[in-house]
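In UniProt numbering, the protein residues as written are 1 to 98.
Yeah, the Cβ is synthetic: ideal placement off N, Cα and C, and Gly gets one too.
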């Protein structure tokens with residue numbers, strides 16, 4: 001089941017930490033629906049000296065199959081939750097691997 005990310009609030013960390021997710025978004029250049037391979041959701045840094053430093057990132061790239069444009073994918077994990085970012089995408093959906 002695909003879950004659309006709410007841009008104003010992160011996804012629950014408890015549901016995603018240590019899991020792998022697939023992302024789905026529409027390429028803004030050619031309107032192709034793009035599906036990523038599974039991406040690991042990193043755990044926040046429990047040993048950080050502050051909440052701001054606890055954030056952890058996973059960064060990858062994917063090429064649009066419709067126009068070959070490269071999109072940057074970022075998974076940001078903090079104690080507040082998980083946020084997915086994709087360059088040149090307005091709406092992002094995610095699906096947790098079984």
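Could you say if the segment 27-36 and the segment 7-15 meet the contact criterion of at least three C-beta pairs nearer than 8 angstroms?
Taking 8 angstroms as the limit for Cβ pairs, the verdict is that the segment 7-15 does not touch the segment 27-36.
In angstroms, rounded to a whole number, what distance separates the CA positions of residue 57 and residue 77?
Those two C-alpha atoms are separated by around 6 angstroms.
Are the Cβ atoms of residue 84 and residue 92 separated by less than 8 angstroms?
Contact flag set, yes.
Ordered along the chain, which non-local residues of its own chain (more than five positions away) have a Cβ less than 6 angstroms from that of residue 44?
Closer than 6 angstroms at the Cβ level, and outside the excluded window around residue 44, lie 54, 56, 77, 78 and 79.
Assuming contact is defined by CB atoms lying nearer than 8 angstroms, are residue 21 and residue 96 in contact in what I supplied?
In this structure, residue 96 lies closer than 8 angstroms to residue 21 by Cβ.
Which term fits residue 39, buried or exposed, when burial requires 16 or more other beta carbons within 10 angstroms of its beta carbon?
Buried, since its Cβ has 16 or more Cβ neighbours within 10 Å.
How would you write the range of the alpha helix (DSSP H) that residue 15 sits in, first residue to last?
Looking at the DSSP string, the run of the alpha helix (DSSP H) that includes residue 15 is 13-16.
Would a C-beta distance cut-off of 8 angstroms place residue 16 and residue 41 closer than the cut-off?
Result yes, Cβ atoms of residue 16 and residue 41 sit closer than 8 angstroms.
Cα separation between residue 23 and residue 46?
Cα-Cα distance, rounded: 26 angstroms.
Sorted by chain position, which residues of the same chain lie with C-beta nearer than 6 angstroms to residue 64's C-beta, five sequence neighbours on each side aside?
For residue 64, where only same-chain residues beyond five positions count, the Cβ hits under 6 angstroms are 27, 32 and 34.
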